[in-house]
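Here is the structure we will look at, set down as structure tokens.
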Amino acid sequence: YHQVTTQWEKHQQDLYRQIRDELKAYVIKDERAVIDESDEVLKRLLRLVQAASNPMLIDEGYDQRPGKMVALESIVADAVCATEKVIVWTCFTKNVDWIADQFRNYKAVRVHGRMDMEERNRSLKLFKTDDSVKALIDTPAAAQEGLTLTVANHVIFFDRGFSLDDYLQAQDRIHRISQTKICHIYNLIMEDS
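Right, dumping it as structure tokens:
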């Protein structure tokens, strides 16, 4: 297990801080101050995850390189140099498409819930059988139970949702009895997030 602390891109950090600073909503209830747990607060928590992952998810005008990309590129390059394959997990379909485009040189394939089953199966087959396909970019929701991907031994969480089950299942795609290599699990965490 590797926790990789990544640095902010300036505009990304500004957006994150703006959302974070507005997140605290103290209200008076029964004559005492409590934190408001309304849906609006939950939405802001999701926005924090998106801002730390890739601000493009919430700001169409964002045209910088998110801070996590430097670490992701390094991890993927090292794995590929060692003739190993990687799976990059993100909770957001827009991120799947964007990251896969960034890794065209590794013939990255993608799987997410907006793809039809035939398209998903074609991507998974290519990843499993074509040695030139080095990366699979995927959402945990689109790769549920029972999927074995032991052709890879590196799993990288570009971002994570709030479900521990999804996180553990995503790790287990490479950690099976048929796996012959050491498995590496990377969590990309923005500094001070």
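Add 1471 to the 1-based position in the sequence shown for the numbering used here, that's all there is to it. Ideal placement from N, C-alpha and C gives every residue a C-beta, glycine not left out.
Assign residue i to one of three DSSP states: helix, strand, or coil.
i, result
"LEU1620", "coil"
"ASN1525", "coil"
"LYS1652", "coil"
"TYR1487", "helix"
Going along the chain, which residues of its own chain have a beta-carbon closer than 6 angstroms to the beta-carbon of residue i, five neighbours each way excluded?
i, result
"LEU1597", "VAL1580, VAL1604"
"ASP1549", "none"
"LYS1565", "LEU1528"
"ALA1571", "ALA1579, ARG1581, ILE1608"
Spatial neighbours of residue i within its chain, please: C-beta separation below 8 angstroms, excluding the five flanking residues on both sides.
i, result
"VAL1582", "VAL1567, ARG1591, SER1594, LEU1595, LEU1607, ILE1608, ASP1609, THR1610, ALA1613, ALA1614"
"ASP1530", "LEU1486"
"GLU1493", "ARG1515"
Can you tell me the Cα-Cα spacing of residue i and residue j, whole angstroms?
i, j, result
"GLU1544", "ILE1627", "11 angstroms"
"ARG1631", "GLN1642", "12 angstroms"
"GLU1480", "TRP1560", "21 angstroms"
"ALA1542", "MET1588", "31 angstroms"
"VAL1557", "ILE1490", "32 angstroms"
"THR1621", "ASP1602", "13 angstroms"
"ARG1447", "ILE1546", "Residue numbering for the chain in the displayed model covers 1472 to 1664; residue 1447 lies beyond these limits and cannot be assessed."
"PHE1633", "VAL1475", "19 angstroms"
"VAL1523", "ARG1585", "Residue identity check: residue 1523 is Ala in the sequence provided, not Val. Roughly 23 angstroms between the two C-alpha positions."
"GLY1648", "GLN1640", "The sequence shown places Ile at residue 1648, not Gly. Between ILE1648 and GLN1640, the C-alpha separation is close to 15 angstroms."
"ARG1488", "PHE1574", "29 angstroms"
"ILE1660", "VAL1512", "21 angstroms"
So residue i and residue j are in contact, right, with Cβ under 8 angstroms, and what is the actual spacing, rounded?
i, j, result
"THR1619", "LYS1539", "No, THR1619 and LYS1539 are not in contact; Cβ-Cβ is about 27 angstroms, not under 8 angstroms."
Spatial neighbours of residue i within its chain, please: CB distance less than 7 angstroms, with the 5 preceding and 5 following residues excluded, ordered by chain position.
i, result
"TYR1472", "ILE1656"
"VAL1551", "TYR1577, LYS1605"
"VAL1520", "ASP1630"
"GLN1484", "none"
"ASN1624", "GLU1555, ILE1645, GLN1650, LYS1652, ILE1653, CYS1654, HIS1655"
Please confirm whether any heavy atom of the ligand PLP lies closer than 7 angstroms to the CB of residue i.
i, result
"ARG1581", "Annotation note on the ligand PLP: not contained in the displayed structure, which lists no ligands."
(request) Indicate whether the contact test is met: 3 or more Cβ pairs, each with one atom in the segment 1647 to 1654 and one in the segment 1511 to 1525, closer than 8 angstroms. (result) no
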